[in-house]
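Trainee: A single structure is presented below for examination.
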Amino acid sequence: MLEELFFEIGIVLVIAAVLSMVVYRLRQPLIIAYILTGIIAGPGLLALTNSPEVFDVMSEIGVAFLLFTVGLGLNWRSVKDVGGIALATGVGQVLFTSVAGFVIGLLLGFEPLTSAYLAVAFAFSSTIIIIKLLMDKEDLDTLYGRISVGFLLVQDFIAMFILLGLSAIGTGASLQTILVTTLLKAVVLVPVFWFISAKILPPTLRYPFNLCLLPRD
1 MLEELFFEIG IVLVIAAVLS MVVYRLRQPL IIAYILTGII AGPGLLALTN
51 SPEVFDVMSE IGVAFLLFTV GLGLNWRSVK DVGGIALATG VGQVLFTSVA
101 GFVIGLLLGF EPLTSAYLAV AFAFSSTIII IKLLMDKEDL DTLYGRISVG
151 FLLVQDFIAM FILLGLSAIG TGASLQTILV TTLLKAVVLV PVFWFISAKI
201 LPPTLRYPFN LCLLPRD
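FYI, in the UniProt record's numbering the residues of the sequence shown are 1 to 217.
Right under this line is the structure:
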């Protein structure tokens with residue numbers, strides 16, 4: 001069983017490597033190769049494994065590494081400089097697209113709650129994908145790149161509260177209870193993650209990087 005698991009992971013990595021080289025030659029973002037790898041190796045095409053748990057675990061690990069990479073590449077000071085523009089455009093876009101999505105859902109005959117979920121889906125973008133694309137193109141520190149990142153962070157902040165409200169409506173739980181629970185988790189976890197990212201990871205990663213730069217005899 002263990003040998004089969006490693007074999008399946010190896011096949012996925014080979015597919016990802018080949019597609020990455022093709023995408024790189026075509027001067028396209030590498031994220032396209034990662035998505036195509038999931039489609040090809042997944043149950044829809046090759047179905048490399050009969051156990052969906054394997055792909056679930058691999059997808060979660062992949063997302064975790066992607067979040068880790070994006071988090072290391074963000075420059076929060078540069079995003080703060082365009083905060084006003086990002087706030088205005090982010091809120092305006094979310095309001096306009098949410099209303100349009102909700103109306104479209106109602107016109108298609110969906111229930112109000114379903115239409116609200118559709119409105120949320122229409123209104124928000126994939127922050128991680130867009131930031132990874134900007135990083136691959138080395139445009140993260142340009143003016144439009146900083147505005148885009150700020151815009152997306154405003155979207156994420158709004159989405160958090162909207163999803164909390166929809167979760168409370170869908171489960172019948174109290175919005176106040178869900179909000180307080182989420183805020184308590186944030187109060188505990190945010191300082192911990194900030195300390196790790198600001199105080200532990202930089203020196204930890206700097207040592208092997210500097211070691212690689214040492215001249216060799």
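For every residue, glycine included, the Cβ atom is placed at its ideal position computed from N, Cα and C.
Keeping to the same chain, check which residues put their C-beta closer than 7 Å to that of Leu36; ignore five residues upstream and five downstream.
Mentor: For the purposes of this step, residue 36 is taken as residue 36 along the sequence shown, with counting starting at 1. Hits under 7 Å: Leu19.
Trainee: How big is the Cα-Cα spacing for Val180 and Pro29?
Mentor: As a working mapping, residue 180 is identified with position 180 in the sequence shown. As a working mapping, residue 29 is identified with position 29 in the sequence shown. Near 40 Å, if we compare the C-alpha coordinates of Pro29 and Val180.
Trainee: Please classify Gly109 as buried or exposed, where buried requires at least 16 neighbouring CB atoms within 10 angstroms.
Mentor: Taking the sequence shown and counting its residues from 1, the one referred to as residue 109 is at position 109. The residue is exposed, with fewer than 16 neighbouring Cβ atoms inside 10 Å.
Trainee: Helix or strand or just coil, what does DSSP make of Pro43?
Mentor: Locating residue 43 in the sequence shown gives position 43, counting from the first residue. Of the three classes helix, strand and coil, the one that applies to Pro43 here is coil, per DSSP.
Trainee: Quick one: residues in its chain with C-beta nearer than 7 Å to the C-beta of Leu46, no 5 flanking neighbours on either side, listed in chain order?
Mentor: Your numbering for residue 46 matches position 46 in the sequence shown. Same-chain partners within the cutoff: Ile40.
Trainee: Can you grab the Cα-Cα spacing for the pair Val57 / Ile85, in whole Å?
Mentor: Indexing the sequence shown from 1 puts residue 57 at position 57. Indexing the sequence shown from 1 puts residue 85 at position 85. Those two C-alpha atoms are separated by around 38 Å.
Trainee: Rounded to the nearest angstrom, what separates Pro43 and Ile11 at their Cα positions?
Mentor: Position 43 of the sequence shown, counting from 1, holds the residue named residue 43. Position 11 of the sequence shown, counting from 1, holds the residue named residue 11. C-alpha separation (whole angstroms): 14 Å.
Trainee: Check Val82 in the structure and name its three-state DSSP category.
Mentor: As a first step, residue 82 must be located in the sequence shown, where it is residue number 82. Correct three-state label for Val82: coil.
Trainee: If you follow the alpha helix (DSSP H) that Pro112 is in, where does it begin and where does it stop?
Mentor: Start at 1 with the first residue of the sequence shown, and residue 112 comes out as number 112. Element bounds for Pro112: 112-123.
Trainee: Taking all protein chains shown into account, do 16 or more other C-beta atoms lie within 10 angstroms of the C-beta of Leu140, making it buried, or fewer, making it exposed?
Mentor: Sequence index remark: in the sequence shown, residue 140 carries index 140 (1-based). Leu140 should be labelled buried.
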